[in-house]
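One rule links them: number in the working numbering = place in the sequence shown (from 1) + 3.
Positions of the beta carbon are idealized from the N, C-alpha and C atoms, including for glycine.
If you're wondering where the values come from, they're calculated on a predicted model, not measured in any experiment.
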Amino acid sequence: MSEQPDSARLEKPLDILVLAAGLGTRMKSRQAKVLHQLGGRPLIVHVCRAAASLKPRTIYVVIGYQADEVRSAVESEFGNAQVKFVNQLEQHGTGDAVTAAKDAFAGADSTILILSGDVPMVRAETLRKLIQQHVVDNARCTMLTVRLENPTGYGRVVRDDTGRFSKIVEQKDATEDERQIREVNAGIYCFESQKLFAALERVKPVNQQGEYYLTDVPRILRKEGQEVGIYQHHDAREVSGVNTRAELAEFENLLRRGTIRRLMLDEGVTFIDPSHSYISTEAQVGRDCVIHPDVHIEGKSILGEGCEIHQGSRISDSRLGNRVLVKDHCVIIDSEIADDCAVGPFAHLRMNAHMEERAVVGNFVEVKKSRIGRGTKSMHLTYLGDATIGEDTNIGAGTVTCNYDGKQKHPTVIGDNVRIGSDTMLVAPVRVGDGAVTAAGSVVTEDVPPNTLVAGVPAKIKKKLNEK
Ligand code: UD1
Ligand code: CA
């Protein structure tokens, strides 16, 4: 593909209108359908991504139900210069949704590509082909259709004797004969803007649902003798809408299987049980990683080579180096783990936990917003929050950084080659110098000088130690 914007191949500018104002009754949800997630992203974001890759002049999203939430879901991914919003206050059908955008297009003479916010798998390449045919045919409207084994629920495309477009009938308005038609409207169309808005004025809500159907527009244009084209696409899955949670789960499964297949074939990742592995489409997993069942790798996580992730662990928006071993049932969120570290079982790393090379975090250890130096070990039952820990230090079982005084969080700094005895309470803010030792059960309330042994409650200096 050329670097040129796609609109350059059109005589007129290209605008895109995404319909996303409906609730989506069949989802049986309090949440707008387009906010339901597929592959960790709201449906609407998938559609906007495909739209944005066509480099149109403007993308308008028609919002209504939970408008603020839909808007912020889109804006968190796209700048508001790239995507604009139109409000459809009450949802009276797809035709009404497009009419809501009329003012936004006032006076514009453009080609408008209309997409549905609930058709998340559509590829930019397919949309390009639709636009291309629309241009070549010099049509006023071109719709994307597909043949389905089971067309139930979709608008059927009725052709005349010569095979040309005649009309679209919705499932609820179709006769028994029309319901036999397998070619359906995918809800994806190109229109010439002025023809579109002129015809919309003539759409009446006389149908089973009492709605203004956008699907009446092609019929009106056809009756006027305008050129209305059909672009029949071969991949039904790609252009199917999500209407129910069952369909959403099918799509999720499809996406997931595709991602895992790609990781196995292209990246050389081993999955012990591919059907029980969950990897985000945006994650990167390096060569010779071994992923055990029920592992979730979410968001933009990056795993280096040769990592092994055991059963039941969740890694979210985190970065792992090479040969990192994550034992069973760990939760690792927004964190970074360098080469040759080991984590778990049952460890929790969050809010920028950072482990340097060869560090070990063992069972029932929580690490929050802390840095653990090279070769340092914290093996059992420990909380490390707002801590900075040096190299080759050992943190004994049951250690707690008491970082919160009820009002504020305070830092703990521990040096290199320190031995923190089991059950030490480090009452922050506090520093423990290089080579220091705390005896088991110490409650450390004051800074510990380097190479010093402290013990007791509160901990007192017992003796100076030899420097290492
Ligand atoms: C629509 C088409 C149908 C087609 C199907 C393909 C119409 C009348 N029917 O039916 O021919 O086969 O899509 O998926 O167009 N929306 C609004 N405002 C509204 C109503 C809907 O913004 O007032 C949005 C929805 O949020 C959704 C999209 O338009 O993203 C499609 O609406 P939906 O109700 O799902 O239409 P279908 O019944 O699936
Ligand atoms: Ca739909």
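Less than 6 Å between C-beta atoms, sequence neighbours within five positions excluded: which residues of the same chain meet that for residue i?
i	result
A362	C344, I375 and T379
F349	H332, N366 and F367
G96	E214, Y215 and Y216
P277	I263
L257	none
G82	none
A458	A442, S445 and K465
I184	R159
S56	A127
E369	H351 and Y386
H357	E339 and R374
I392	I375, G376, T379 and I417
R222	K170
K471	N420 and G438
T448	V430 and P461
Is residue i near ligand 1 - that is, is its Cβ less than 7 Å away from at least one heavy atom of it?
i	result
L22	yes
N153	no
V161	no
N90	no
A70	no
L217	yes
I275	no
G120	yes
Y157	yes
D99	yes
E241	no
A356	no
V187	yes
E253	no
Q211	no
H95	yes
N246	yes
V65	yes
V77	no
E181	no
E230	no
V37	yes
I305	no
I62	no
E360	no
E173	yes
G190	yes
G25	yes
Anyone know if the C-beta pair for residue i and residue j falls short of 8 Å?
i	j	result
Q91	G110	no
A390	S373	yes
L486	L306	Beyond the ends of the chain as shown, which are 4 and 471, falls residue 486; an answer cannot be given.
T148	V160	yes
A439	V451	yes
E173	N141	no
C193	T155	no
Y386	V403	yes
I294	F274	yes
V231	G98	no
V288	L266	yes
L118	L251	no
D477	R60	Nothing about residue 477 can be reported from this structure: the residues present for the chain run from 4 to 471 only.
M382	T247	no
S321	G43	no
Keeping to the same chain, check which residues put their C-beta closer than 8 Å to that of residue i; ignore five residues upstream and five downstream.
i	result
E241	M124, V125, R126 and T129
L38	P45, L46, I47, Q69, E72, V73 and A76
E394	E359, G376, R377, G378, T379, D419 and N420
E6	Confidence in E6 is poor, its pLDDT being 45 and thus under 50, which makes the residue's placement too unreliable to answer from.
I'd like the list of long-range same chain contacts for residue i, defined as Cβ closer than 7 Å, with 5 residues on each side in sequence excluded.
i	result
V334	R317 and H351
A11	For A11, the pLDDT reaches just 46, beneath the cut-off of 50, and the residue's location in the model is therefore unreliable, although a value from the coordinates is still provided. Around A11: no qualifying Cβ.
A23	V37, I47, V64, V65, I66, V73 and G120
V446	M428, V430, V460, P461 and A462
E1	The structure shown does not extend to residue 1, since the chain is modelled only from 4 through 471, so no value can be given for it.
N188	M146, T148, Y157, G158, V160, I171 and T218
M4	For M4, the predicted structure reports a pLDDT of 41, less than 50, and the residue's modelled location is therefore unreliable. A value from the coordinates is still provided. Within the same chain, M4 has no close Cβ partners at all.
What are the partner residues of residue i, as DSSP defines its beta bridges?
i	result
N366	H383
I282	I300
S119	L22
G388	K371
F88	V64
V447	L429
T404	L429
Mind pulling the beta strand (DSSP E) runs of 3 or more residues that sit fully within the segment 4-74?
17-22 and 61-66
Can you check the segment 146-190 for any alpha helix (DSSP H) of at least 4 residues that lies completely inside it and give the ranges in chain order?
179-182, all fully within the segment 146-190.
Please give the ranges of any alpha helix (DSSP H) in the segment 218-289, keeping only runs that are unbroken, at least 4 residues long and fully inside the region.
219-226 and 248-270
Entirely enclosed beta strand (DSSP E) segments - the segment 301-368, minimum 3 residues:
317-319, 334-336 and 351-353
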